[in-house]
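What follows is a short report on a single structure.
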Amino acid sequence: MAYWLMKSEPDVFSIEDLANRPQQTEPWDGVRNYQARNMMRDEMAEGDGVLFYHSNAKPPGIAGIAEIVRTGYPDPTAFDPASKYFDPKSDPNNPRWYLVDVRFVRQFRRLIPLDELRQVAGLEGMALLQKGSRLSVMPVSAEEWSIILALE
DNA sequence: GCCAACGTTGGC
DNA sequence: GCCAACGTTGGC
Numbered sequence: 016m017a018y019w020l021m022k023s024e025p026d027v028f029s030i031e032d033l034a035n036r037p038q039q040t041e042p043w044d045g046v047r048n049y050q051a052r053n054m055m056r057d058e059m060a061e062g063d064g065v066l067f068y069h070s071n072a073k074p075p076g077i078a079g080i081a082e083i084v085r086t087g088y089p090d091p092t093a094f095d096p097a098s099k100y101f102d103p104k105s106d107p108n109n110p111r112w113y114l115v116d117v118r119f120v121r122q123f124r125r126l127i128p129l130d131e132l133r134q135v136a137g138l139e140g141m142a143l144l145q146k147g148s149r150l151s152v153m154p155v156s157a158e159e160w161s162i163i164l165a166l167e
């Protein structure tokens, strides 16, 4: 079992939104970065744990936990001219963008702010905390996962 | 709203 | 294949 962190702007899609979805499940569409795409397409497995991170929020931080319930498949929004995520270069016969389905597990009792994460011993290596890190999907180690869950 | 960091695009 | 220009991300 692997662990991941996925970012979402709560003004666009928050952990509460995920909890309110039918089946509490959402296709994680719109990711247009190759590194993130590769992780969703090739590496994520059913049952993997996801830290749901609120970016561009006040404050930014980890809001709760989700899980992968469907492994990588082509992102349909890339083929939809009406979608803001439309990419004319993504050919349905050779899709460029992939996504996974994510299901709500639980919201933390409190948001764990980015500020606080920076000060926790054992998290120094987290991709999230590296300077200039902008990836919206990134791996989390089992150790980092348990440290973070203990912060709640 | 600013801007550093970084990815992508496209001319050459 | 280089790299300048441009666009985006996301914390502050």
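Using the numbering used here, count along the first sequence one by one with no gaps and you end on 167. Built from N, CA and C at the ideal position, the CB exists for glycine as well.
Can the beta-carbon of residue i be found closer than 8 Å to that of residue j?
i           : j          : result
residue 113 : residue 55 : yes
residue 61  : residue 83 : yes
residue 118 : residue 39 : yes
residue 129 : residue 76 : yes
Using alpha carbons as the reference points, say which of the options lies closest to residue i.
i           : options           : result
residue 100 : 46, 33, 65        : 46
residue 158 : 74, 135, 145      : 135
residue 165 : 80, 107, 145, 106 : 80
residue 30  : 147, 163, 122     : 122
residue 71  : 153, 149, 163     : 149
residue 67  : 53, 25, 85, 48    : 25
Do you know how far the Cα of residue j is from the Cα of residue i?
i           : j           : result
residue 138 : residue 155 : 10 Å
residue 34  : residue 116 : 13 Å
residue 151 : residue 88  : 18 Å
residue 160 : residue 126 : 15 Å
residue 27  : residue 132 : 23 Å
Assuming the contact rule is C-beta atoms closer than 8 Å, residue i and residue j should be a hit. Round their C-beta distance to whole Å, please.
i          : j          : result
residue 90 : residue 44 : 5 Å
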